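Our numbering puts the sequence shown at residues 1 to 328.
Quick reminder that beta carbons are idealized off the backbone N, C-alpha and C, glycines included.
The structure presented is a predicted model; accordingly, all values stated were derived computationally and were not measured.
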Amino acid sequence: METDQKLLEKLRQLEEKYSQTGQDIEGYLEGLLLSNYLPYWDYTHVDTLLTLQQPKTDFPDEKIFIVYHQITELYFNLCLHEIEQISNNGRDVRPNGEDRGWKDQLDPDFFLARLKRINAYFDALTKSFEVMVFGMEKEQFLKFRMALLPASGFQSAQYRKIELASAPIRNLLQKDHRDEFSNEIPKEEIANAFQYMYWKRGAIELSSGRKTYTLQQFELKYEDELIAFAEKYHNQHIWAKFLSLPKDQQAREDIREEMRQIDLHVNVKWPLMHYKSAARYLGREDSDVPATGGTNWQKYLPPRFQKRIFYPELFTEEEIENWGRIPQ
Ligand code: HEM
1 METDQKLLEK LRQLEEKYSQ TGQDIEGYLE GLLLSNYLPY WDYTHVDTLL
51 TLQQPKTDFP DEKIFIVYHQ ITELYFNLCL HEIEQISNNG RDVRPNGEDR
101 GWKDQLDPDF FLARLKRINA YFDALTKSFE VMVFGMEKEQ FLKFRMALLP
151 ASGFQSAQYR KIELASAPIR NLLQKDHRDE FSNEIPKEEI ANAFQYMYWK
201 RGAIELSSGR KTYTLQQFEL KYEDELIAFA EKYHNQHIWA KFLSLPKDQQ
251 AREDIREEMR QIDLHVNVKW PLMHYKSAAR YLGREDSDVP ATGGTNWQKY
301 LPPRFQKRIF YPELFTEEEI ENWGRIPQ
């Protein structure tokens with residue numbers, strides 16, 4: 001009996017929900033009767049997912065290389081998912097499921113919770129990078145990588161998007177060009193500033209001074225998309241959202257610490273682990289192995305040379321001076 005009452009109450013609530021939008025609950029109930037149950041494999045599309053690993057050689061360890069890149073891209077995607085919510089102030093979804101779109105104001109606790117998630121994703125990536133550093137036989141790696149030329153993780157568009165959506169673009173420019181631009185580069189100037197992105201200098205052929213083919217291909221495919229993305233995040237990136245908080249909230253140590261951790265994760269901890277893998281596979285006592293993307297990777301990858309910093313305002317002079325040198 002009690003169950004009947006509960007069921008009736010649910011039906012009443014459903015009727016109310018659908019009548020609010022002028023729809024008929026009966027049609028939906030009919031649809032429910034006809035629908036299939038949802039199995040795990042349809043929800044996760046796991047069978048499709050497992051068709052996406054297509055090694056270029058027969059070396060067994062190449063599978064690890066592909067899968068780990070894909071895992072990383074999925075985590076990057078989650079980071080972008082959180083950043084998008086921050087930039088839009090989060091959705092206003094009511095207990096009955098009604099979605100009222102983006103909120104007008106960023107709630108500081110929502111901001112903090114999303115920053116924590118991004119840090120959790122990057123923490124997982126940094127810790128699991130051992131899979132790359134020690135997880136493959138060097139002999140196999142040095143062979144199968146030759147079949148992957150000129151592809152490189154350098155061409156990860158999501159990695160670039162995380163950077164563009166995290167900080168003012170000026171902080172991503174080559175150091176000697178930053179003074180040509182204001183702190184928050186006006187939207188109309190973003191396309192022009194793009195030529196000075198730090199990563200472009202990394203991918204220059206040492207002998208000829210020309211852009212590497214890896215960079216040329218990357219620009220052909222993604223330059224316009226990345227500029228449009230940067231324009232979308234103009235004044236909506238994580239730092240801008242932080243500045244949009246009331247002063248007392250900006251002073252909160254928990255928020256500032258999560259911001260610092262994002263900077264350290266993206267610009268020091270992950271790059272250091274990544275560099276460790278390059279050193280393990282490409283480093284040699286006599287002369288280093290050229291990278292698939294053709295960069296001068298020994299000078300380009302270590303964070304202490306690049307000193308990419310999203311939020312210099314949140315670090316001491318000493319920390320900035322020692323950026324990328326000591327574990328922070
Ligand atoms: C054995 C494993 C790896 C080695 C030896 C390696 C090596 C390199 C090298 C040498 C570069 C410089 C660009 C070039 O000349 O190719 C680079 C860049 C890059 N790689 Fe990897 N990589 C490895 C794994 C990964 C993984 C798993 C990812 C995940 C997506 C990744 C993402 C990147 C990114 C985003 C860059 C650009 C970094 C920047 O611009 O500062 N790499 N990698």
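Does the separation of the CB atoms of residue i and residue j fall below 7 Å?
i: lysine 307; j: tryptophan 323; result: yes
i: tryptophan 102; j: asparagine 89; result: yes
i: threonine 214; j: serine 156; result: no
i: arginine 160; j: leucine 226; result: yes
i: arginine 201; j: threonine 292; result: no
i: lysine 56; j: alanine 203; result: no
i: alanine 193; j: phenylalanine 310; result: no
i: glutamine 140; j: arginine 114; result: no
i: glutamine 158; j: glutamate 73; result: yes
i: threonine 212; j: glutamate 205; result: yes
i: tyrosine 68; j: valine 131; result: yes
In angstroms with no decimal places, state the Cα-to-Cα distance between residue i and residue j.
i: threonine 295; j: leucine 282; result: 12 Å
i: isoleucine 238; j: threonine 3; result: 48 Å
i: valine 46; j: phenylalanine 76; result: 19 Å
i: arginine 280; j: methionine 259; result: 31 Å
i: glutamate 98; j: asparagine 235; result: 29 Å
i: proline 303; j: arginine 91; result: 36 Å
i: glutamine 53; j: lysine 221; result: 22 Å
i: serine 87; j: alanine 165; result: 9 Å
i: threonine 48; j: leucine 78; result: 20 Å
i: isoleucine 262; j: glutamate 313; result: 14 Å
i: arginine 12; j: leucine 38; result: 25 Å
i: leucine 80; j: glutamine 5; result: 44 Å
i: serine 19; j: tyrosine 28; result: 12 Å
i: glycine 22; j: isoleucine 162; result: 42 Å
i: phenylalanine 65; j: glutamine 217; result: 21 Å
i: leucine 149; j: arginine 210; result: 18 Å
i: glutamate 321; j: aspartate 104; result: 39 Å
i: leucine 33; j: leucine 7; result: 16 Å
i: tryptophan 41; j: asparagine 96; result: 28 Å
i: phenylalanine 154; j: isoleucine 71; result: 16 Å
Consult DSSP for residue i and reduce its assignment to one of helix, strand or coil.
i: arginine 325; result: coil
i: lysine 211; result: strand
i: arginine 94; result: coil
i: leucine 74; result: helix
i: leucine 173; result: strand
i: isoleucine 185; result: coil
i: alanine 309; result: First, the residue type needs correcting, since residue 309 is isoleucine and not alanine in the sequence shown. Correct three-state label for isoleucine 309: coil.
i: arginine 117; result: helix
i: arginine 100; result: strand
i: methionine 136; result: coil
Among residues of its own chain, excluding the 5 on either side of residue i, which ones have a beta-carbon nearer than 8 Å to its beta-carbon?
i: tryptophan 270; result: Phe122, Leu125, Thr126, Phe129
i: serine 287; result: none
i: phenylalanine 305; result: Lys299, Gly324
i: valine 93; result: Asp99, Arg100
i: leucine 142; result: Tyr281, Val289
Within its chain, find whatever has a CB closer than 6 Å to the CB of residue i; leave out the 5 residues flanking it on each side and keep chain order.
i: glutamate 231; result: Lys187, Ile190
i: arginine 178; result: Arg170
i: tyrosine 275; result: Leu301, Pro302
i: tryptophan 297; result: Ala278, Ala291
i: methionine 273; result: Thr126, Phe129
i: valine 268; result: Pro303, Gly324
i: isoleucine 83; result: Ala165
Skipping 5 residues on each side, what residues in its chain have a beta carbon closer than 7 Å to that of residue i?
i: glutamate 15; result: Ile25
i: proline 116; result: Note on residue identity: the sequence assigns lysine, not proline, to residue 116. Closer than 7 Å at the Cβ level, and outside the excluded window around lysine 116, lie Glu258.
i: phenylalanine 242; result: Gln250, Met259
i: glutamate 184; result: Pro168, Asn235
i: aspartate 254; result: Leu112
i: serine 208; result: none
i: lysine 17; result: Asn96
i: arginine 330; result: Shown here, the chain extends from 1 to 328; a query on residue 330 therefore has no answer.
Report task. Examine the Cβ distances between the stretch 168 to 183 and the stretch 192 to 203 and report whether three or more of them are shorter than 8 Å. Result -> yes
Query raised in the report: Counting Cβ pairs closer than 8 Å, one from the stretch 61 to 75 and one from the stretch 130 to 145, do we hit at least three?
Result: yes
Query raised in the report: For the 8 Å Cβ check, are there 3 or more pairs between the stretch 102 to 113 and the stretch 242 to 262?
Result: yes
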